[in-house]
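Q: Under the numbering used here, the first residue of the sequence shown is numbered 592, with each subsequent residue one higher. We put the beta carbon where it would ideally sit given N, CA and C, even for glycine. Please find one structure pasted underneath; my questions will follow.
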Amino acid sequence: MGSHWDEKIRRYLQSPYPVAYQRWKVVLISSLVVFLILLVLQPFGISGIRQHKFWILVGFMGVTAVSLSIPMYVFGKLFPKFYKEETWTVWKQIVNLLQILFFIAIGNWIYSTLVFGWGLRWDVFCAFALFTLVIGLFPTVLFILLNQNRLLAIHLKEATEMNLHLQRSVLPAESVETKQDSPFLLFQGGIRESLELDSKDLLYVESNGNYIRVNYQKAGKNVQCLLRATMKQAEEVTAVCPLVLKCHRAFLVNVRKVVKVNGNSQGHRLLLEGCPEEIPVSRGYSKQVKELIEGISGD
592 MGSHWDEKIR RYLQSPYPVA YQRWKVVLIS SLVVFLILLV LQPFGISGIR
642 QHKFWILVGF MGVTAVSLSI PMYVFGKLFP KFYKEETWTV WKQIVNLLQI
692 LFFIAIGNWI YSTLVFGWGL RWDVFCAFAL FTLVIGLFPT VLFILLNQNR
742 LLAIHLKEAT EMNLHLQRSV LPAESVETKQ DSPFLLFQGG IRESLELDSK
792 DLLYVESNGN YIRVNYQKAG KNVQCLLRAT MKQAEEVTAV CPLVLKCHRA
842 FLVNVRKVVK VNGNSQGHRL LLEGCPEEIP VSRGYSKQVK ELIEGISGD
């Protein structure tokens, strides 16, 4: 029985979780919450302050914003592999939460030392750390669990709706391609590097550092071509195709080739015709992808 629950918890902690899409909102809202908590509870001798109390609390809010920004903005640049959106999970979100609370405790400890003249005392730091943990841990972990289930339900429902549209999309999609006369695409790489193909054969384009990987179908087989080019250049090439759009910062996809949509708490993943890889869809592009898939069906 115990091993069953251990496995269930392990699977849950390893399940996908969305990376903060608008980090500035997280910083702003969290800082305001800290300000309101301090204003209402007034711990650490704040209740005894007679002058400039409001501005001192605003200072706490500013310190919280800076403390939040370090792990949210800086760590992502320093440790890109750990913070990779495609591999972000519930356990990583919880670890990230703990380090954010730790930075908030340090920031407010240093700020309080400067404002109240307490000196860098470890007992004061432990008090700040304990207070921050008690106040912040439970509601934020609860939010993670509820938000994960909420987003999973939303994205599964949207994936089901898109799959219903895809089942009805064959004939309308062909008529769209006929009207656009299926333009040819010319991808330019370095010196004497180029790839020309019919747009209806394109599967997807993936950004890979200073290169792009063009995946397409040729004689019934999936083929890849690596070219020295940027994603922006690839977008300019595919701009003539109404069925090719950006679905992720690193992917362009031919929606005509989508055969199935899967959903998880991070968003959607696209399965393409004859292609084993799943193409991620970022939340910023979900609406556009959904509208195009629904438009193809002619509904």
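(1) Measuring CB atoms only, is the stretch 599 to 609 touching the stretch 856 to 876, in the sense that at least three cross pairs come out at less than 8 Å?
(2) What distance in whole Å lies between the Cβ atoms of Met-753 and Lys-881, which are believed to be in contact at a cut-off of 8 Å?
(3) Is Trp-700 buried or exposed, if buried means 16 or more other CB atoms sit within 10 Å of its CB?
(4) In the DSSP assignment, what are the bridge partners of Glu-826?
(5) So the candidates are Glu-787, Val-835, Leu-862; which of them puts its Cα closest to the Cα of Leu-883?
(6) Which whole runs of the beta strand (DSSP E) in the stretch 730 to 809 are 3 residues long or more, in chain order?
(7) May I ask which residues mark the beginning and end of the alpha helix (DSSP H) holding Lys-668?
(8) Quick one, are the C-beta atoms of Tyr-905 and Arg-614 less than 8 Å apart?
(9) Can you give the beta carbon distance from Val-828 to Leu-776, rounded, assuming they're within the 8 Å contact cut?
(10) At the level of alpha carbons, what is the spacing between Lys-791 and Phe-734?
(11) For His-756 and Glu-885, I'd like the C-alpha separation in whole angstroms.
(12) Just tell me which of Cys-838, Tyr-603, Glu-864 has its CA closest to the CA of Lys-878.
(13) Under the rule that 16 or more other beta-carbon atoms within 10 Å means buried, what is Ser-766, buried or exposed?
(14) For a quick check, are the C-beta atoms of Cys-816 and Leu-862 less than 8 Å apart?
A: Reading from the atomic positions:
(1) Output reads yes: the stretch 856 to 876 touches the stretch 599 to 609.
(2) Counting from one through the sequence shown, the residue named residue 881 turns up at place 290. Counting from one through the sequence shown, the residue named residue 753 turns up at place 162. So it is a contact: roughly 6 Å between Cβ atoms.
(3) Within the sequence shown, numbered from 1, the residue matching residue 700 stands at position 109. Trp-700 counts as buried, since no fewer than 16 other beta carbons sit within 10 angstroms of its beta carbon.
(4) Taking the first residue of the sequence shown as 1, we reach residue 826 at position 235. Looking at the DSSP assignment, Glu-826 forms no beta bridge with any residue, so it has no partner.
(5) Here the question's residue 883 lines up with position 292 in the sequence shown. Checking every option, the nearest Cα to that of Leu-883 belongs to Val-835.
(6) DSSP runs (the beta strand (DSSP E)) wholly in the stretch 730 to 809: 775 to 779, 785 to 789, 793 to 799, 802 to 809.
(7) The residue given as residue 668 occupies position 77 in the sequence shown. That run of the alpha helix (DSSP H) goes 666 to 669.
(8) Absent from the structure is residue 905, since the part of the chain shown begins at 592 and ends at 890.
(9) Locating residue 828 in the sequence shown gives position 237, where the first residue counts as 1. Locating residue 776 in the sequence shown gives position 185, where the first residue counts as 1. That pair is a contact at about 5 Å.
(10) Taking the first residue of the sequence shown as 1, we reach residue 791 at position 200. Taking the first residue of the sequence shown as 1, we reach residue 734 at position 143. One alpha carbon belongs to Lys-791, the other to Phe-734, and they sit about 44 Å apart.
(11) Position 165 of the sequence shown, counting from 1, holds the residue named residue 756. Position 294 of the sequence shown, counting from 1, holds the residue named residue 885. If I take the Cα positions, the gap works out to 6 Å.
(12) Along the sequence shown, one-based indexing puts residue 878 at 287. Each of Cys-838, Tyr-603, Glu-864 was checked against the Cα of Lys-878, and the nearest Cα belongs to Cys-838.
(13) Working through the sequence shown from its first residue, we reach residue 766 at position 175. Any reading at Ser-766 must be qualified, since the residue scores a pLDDT of 48, below 50, and its modelled position is unreliable; no value is offered.
(14) In the sequence shown, the residue the question calls residue 816 occupies position 225. In the sequence shown, the residue the question calls residue 862 occupies position 271. For Cys-816 and Leu-862, no; Cβs fall outside 8 Å.
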